[in-house]
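Visitor: Chains as they are written, first to last, in the working numbering: chain L, 2 to 156; chain V, 3 to 684.
Virtual Cβ for every residue (Gly too), placed ideally from N, Cα, C.
(1) Quick one: what does DSSP say residue 586/V is sitting in, helix, strand or coil?
(2) Classify residue 520/V: buried if its beta carbon has 16 or more other beta carbons within 10 angstroms, exposed otherwise.
(3) Determine which residues share a DSSP beta bridge with residue 183/V and list them.
(4) Look at residue 288/V and residue 311/V and say whether their C-beta atoms are less than 9 Å apart.
(5) Near residue 124/V, which residues of its chain fall below 6 Å by C-beta distance, leaving aside the five closest residues on each side in sequence?
(6) Where do the ends of the beta strand (DSSP E) carrying residue 110/V lie?
(7) Considering only the alpha carbon of each residue, which of 57/V, 73/V and 236/V lies closest to residue 342/V?
(8) Could you spell out the range, first to last residue, of the alpha helix (DSSP H) harbouring residue 24/L?
(9) Relative to chain V, which residues along the stretch 21-37 of chain L have a C-beta separation below 9 Å, given in chain order?
(10) What is the C-beta distance between residue 497/V and residue 376/V, in whole angstroms, given that I count them as a contact (C-beta under 8 Å)?
(11) Buried or exposed for residue 22/L, going by 16 or more other Cβ atoms inside 10 Å?
(12) When you compare only the Cα positions, how much space is there between residue 495/V and residue 471/V?
(13) If you draw a straight line from the C-alpha of residue 277/V to the C-alpha of residue 353/V, how long is it?
(14) Could you name the residues of the same chain whose beta carbon sits closer than 7 Å to that of residue 169/V, not counting the 5 residues immediately before and after it, in chain order?
(15) Cα-Cα, which of 571/V, 467/V, 39/V and 502/V is closest to residue 1/V?
(16) Check whether the stretch 74-82 of chain V touches the stretch 96-107 of chain V, counting contact only when three or more Cβ pairs, one atom from each stretch, lie closer than 8 Å.
(17) Which residues of the stretch 647-663 of chain V have a Cβ closer than 8 Å to any Cβ of chain L? Give them in chain order.
(18) Within the continuous alpha helix (DSSP H) that includes residue 175/V, where are the two ends?
(19) Any chance the stretch 417-436 of chain V sits against the stretch 180-187 of chain V, with 3 or more Cβ pairs inside 8 Å?
(20) In three-state terms, what does DSSP make of residue 330/V?
(21) Can you tell me where the alpha helix (DSSP H) holding residue 137/L begins and where it ends?
(22) Can you tell me where the alpha helix (DSSP H) holding residue 138/V begins and where it ends?
(23) DSSP state of residue 459/V, grouped into three classes?
(24) For residue 48/L, which residues from the same chain have a beta carbon less than 7 Å from its beta carbon, with the 5 sequence-adjacent residues on both sides left out?
(25) Quick check: what's the CA-CA separation for residue 89/V versus residue 152/V?
(26) Would you tell me roughly how many angstroms separate the C-alpha atoms of residue 203/V and residue 348/V, rounded to the nearest one?
(27) Tell me which residues share the same chain as residue 232/V and place their Cβ nearer than 8 Å to its Cβ, disregarding the 5 neighbours each side in the sequence.
(28) Please report whether the beta-carbon of residue 17/L lies at a distance below 9 Å from any beta-carbon of chain V.
(29) With a threshold of 9 Å between beta-carbons, can residue 47/L be considered close to chain V, or not?
(30) How would you write the range of the alpha helix (DSSP H) that residue 442/V sits in, first residue to last?
(31) Which same chain residues end up closer than 6 Å to residue 105/L when comparing Cβ atoms and leaving out the 5 residues on each side of it in sequence?
(32) For residue 147/V and residue 189/V, I'd like the C-alpha separation in whole angstroms.
(33) Out of 663/V, 623/V, 666/V and 608/V, which one is the CA nearest neighbour of residue 641/V?
(34) So which residues on chain V does residue 55/L lean against when the C-beta distance must stay under 7 Å?
(35) Cβ closer than 9 Å: which chain V residues qualify as neighbours of residue 61/L?
(36) Please state if the CB of residue 131/V and the CB of residue 52/V are separated by a distance shorter than 9 Å.
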């Protein structure tokens with residue numbers, strides 16, 4: 002395949018800051034790559050690490066977590082909890098053999114449409130360099146190889 | 003792919019998908035007809051029974067389309083793919099409600115701000131729109147019918163800050179018949195406007211137009227005036243706030259004090275008044291900040307009072323005819339119950355010492371705008387005479403510098419809005435009171451509002467000289483003949499195209515406006531936020547300038563951003579109108595996004611207990627389970643995410659909803675023939 006690898010990225014945004022930043026990028030017609038699909042949560046603190054793992058296990062190549070800047074969370078301090086979970090999550094997926102760089106946390110306030118678009122563009126390229134994760138496909142390929150090996154052994 | 007596979011066919015939801023063209027805003031990039039057809043074909047198994055595209059879904063016809071389909075096709079879920087939920091989520095929810103479908107069983111998927119406006123590749127944009135809709139469809143299946151929460155609205159209101167905006171807002175609410183608590187940190191209300199001499203463009207005497215309003219506040223039966231006080235703590239939520247106010251001791255018994263003024267006339271201890279007189283004049287240890295102070299009761303400044311220092315003097319106590327001096331007075335802590343809060347804490351000015359090139363604080367005859375206001379004020383330190391720092395000499399030439407600390411990347415990047423007009427006002431006042439030559443050094447003349455430009459023209463006709471250029475330096479290091487004993491203003495005259503050194507006797511720096519120094523702490527106390535430049539963030543800069551993101555908390559006046567008096571008054575009135583509307587309704591509906599603990603699943607691990615900044619999480623020791631108070635819960639979902647047992651569910655953003663959305667988004671994000679090459683290690 003000579004086609005360039007197009008990463009698929011899931012982004013989590015918070016209703017008050019980063020989702021509004023994404024809206025602002027839209028209103029200002031700032032362009033960024035279509036590789037990302039955004040999920041709106043009320044707060045970055047809502048981010049259950051399971052959501053990130055779900056995204057990766059369903060085939061996403063990377064996950065971008067966004068929220069209000071520290072000190073500016075609409076719910077006062079919940080973005081700090083998101084930060085704690087993110088740190089631990091990164092360590093956890095490294096233990097599972099997945100590059101920790103596939104998960105990234107950026108803060109974006111409601112006025113920072115330009116910055117958010119830039120972060121998305123950068124992250125898409127970072128994931129492109131890492132290559133595909135595509136967990137379900139990868140898993141299927143591993144299983145196929147295991148079956149092939151088993152048959153070879155049996156024969 | 004979803005739980006539907008485990009359920010019998012007839013329990014599937016009946017979903018309607020509506021793809022909006024938004025004129026060409028969406029249709030110009032996304033192939034909306036293709037998307038609508040695709041939704042019916044590909045997502046039919048998920049329950050999509052109707053899929054349409056239409057020019058403007060938010061129009062009456064668009065909404066009717068949804069309503070008709072709900073009634074005729076028996077839809078149980080609706081997905082609209084259009085603009086941002088921040089714009090029209092309410093519109094489509096209401097349409098569903100009109101047709102008899104619970105409004106929370108609809109989803110608005112953004113394919114405009116999130117797709118058509120930010121991507122250029124039409125094919126990829128269309129593919130992304132499909133994936134976003136699939137995400138929305140999978141999510142909406144998991145939506146549950148919800149009822150908005152009704153909260154009662156307490157009819158009392160707290161106003162923080164007694165400047166012109168706070169005064170206006172308090173009067174409007176009180177005049178409508180409702181209780182107002184007005185908390186002001188200084189001994190008197192009036193704010194900065196009380197310090198001014200004249201106001202532009204009418205040249206009204208500031209005190210003359212302000213004091214009647216101040217008196218109305220002082221006398222109003224519905225306003226409880228709490229000066230020399232500060233808000234310590236705020237708890238609760240819209241309609242039901244509990245506010246703790248610390249009322250500092252004045253050491254004056256206000257029941258007995260008549261405001262006669264003997265105490266401060268006779269007080270032997272004089273100190274420089276740094277606050278009201280900006281360091282240009284004196285006050286006594288027991289003082290009122292200015293003669294027309296409301297309330298009229300003085301305060302004793304314990305830092306300068308002789309009695310509080312060494313136990314001697316007590317002149318005020320001896321001379322007070324009503325025995326109102328009370329050195330043992332203690333502070334009072336008040337607990338106020340209010341329904342809404344309006345914050346009108348005004349502004350501070352830029353500290354001109356930060357620009358050493360201008361010489362403020364080093365060169366005697368460099369003044370700030372606020373100092374000059376005090377000088378011009380007839381009740382001020384020079385009785386209204388425009389004189390040099392020696393208090394006697396009249397200036398022969400005065401330079402007025404615009405944009406000090408404003409429009410400057412080194413200090414404050416923004417424009418402070420009022421300084422051009424006040425600089426013109428100063429120019430006029432100098433001309434009026436002296437025979438001096440007046441120079442205004444400006445970058446642009448910002449005289450945009452009613453009668454402002456006419457005022458500018460008038461000042462020009464009065465013979466004031468205008469130099470367009472940002473002043474580089476104000477110095478007493480003279481070089482040329484004619485500069486001896488003068489201050490020299492070094493400036494590039496951009497219209498003449500050359501550097502100029504202009505000798506003056508007095509320089510007035512029009513310092514910019516800044517948020518009060520403790521605004522960040524104050525905002526945090528109320529649960530609202532500040533922007534990067536420190537002003538409090540409004541809900542929407544164009545469409546909602548007096549509300550904040552926190553329901554029940556409003557802002558008015560300069561705290562939202564630099565502005566003049568008429569705009570501050572208008573905002574004060576606007577905030578009052580919003581609050582009065584709420585009080586009139588008597589109750590409000592809040593978004594039913596709340597967390598609930600299932601006591602059956604809760605193991606009492608208490609991991610969630612420390613996560614709530616709103617105090618909504620309560621642990622029952624006797625039952626060993628946690629409970630969440632729905633009234634205090636703000637719906638952030640942090641506890642939902644934290645619970646290891648999954649015992650906490652969050653309505654509106656449940657785990658099922660989000661996980662399904664992720665599934666939907668990813669199910670249609672990959673090309674069907676994607677093969678991983680060399681993925682498996684050898």
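Guide: According to the structure data:
(1) helix
(2) Using a 10 angstroms sphere on the CB of residue 520/V, the tally of other CB atoms stays under 16, which defines it as exposed.
(3) 160/V and 226/V
(4) Taking 9 Å as the cut-off, the Cβ atoms of residue 288/V and residue 311/V do not count as close.
(5) 31
(6) 108-112
(7) The option with the nearest alpha carbon to residue 342/V is 236/V.
(8) Run containing residue 24/L: 19-28, per the alpha helix (DSSP H) assignment.
(9) 21, 23, 24, 25, 26, 27, 28, 29, 30, 31, 32, 33, 34, 35, 36 and 37
(10) 33 Å between Cβ atoms; not a contact.
(11) For residue 22/L, the number of other beta carbons within 10 angstroms of its own is at least 16, and it is reported as buried.
(12) Roughly 5 Å between the two C-alpha positions.
(13) 14 Å
(14) Closer than 7 Å at the Cβ level, and outside the excluded window around residue 169/V, lie 191, 215, 216 and 219.
(15) This structure cannot settle anything about residue 1/V, because the visible part of chain V is limited to 3 through 684.
(16) yes
(17) 652, 654, 655, 657, 660, 661 and 663
(18) 166-177
(19) Verdict: no, contact absent.
(20) coil
(21) 136-155 is the span of the alpha helix (DSSP H), which, as asked, contains residue 137/L.
(22) 124-144
(23) helix
(24) Excluding sequence neighbours, residue 48/L sits near 13, 42, 66, 83 and 86.
(25) 23 Å
(26) 21 Å
(27) 185, 187, 247, 248 and 250
(28) yes
(29) Judged by the 9 Å Cβ criterion, residue 47/L is in contact with chain V.
(30) Where residue 442/V is concerned, there is no enclosing alpha helix (DSSP H), although the beta strand (DSSP E) it sits in stretches over 439-444.
(31) 65 and 124
(32) Distance from the CA of residue 147/V to the CA of residue 189/V, rounded to the nearest whole angstrom, comes to 53 Å.
(33) 608/V
(34) 661 and 664
(35) 664, 667, 668 and 671
(36) no
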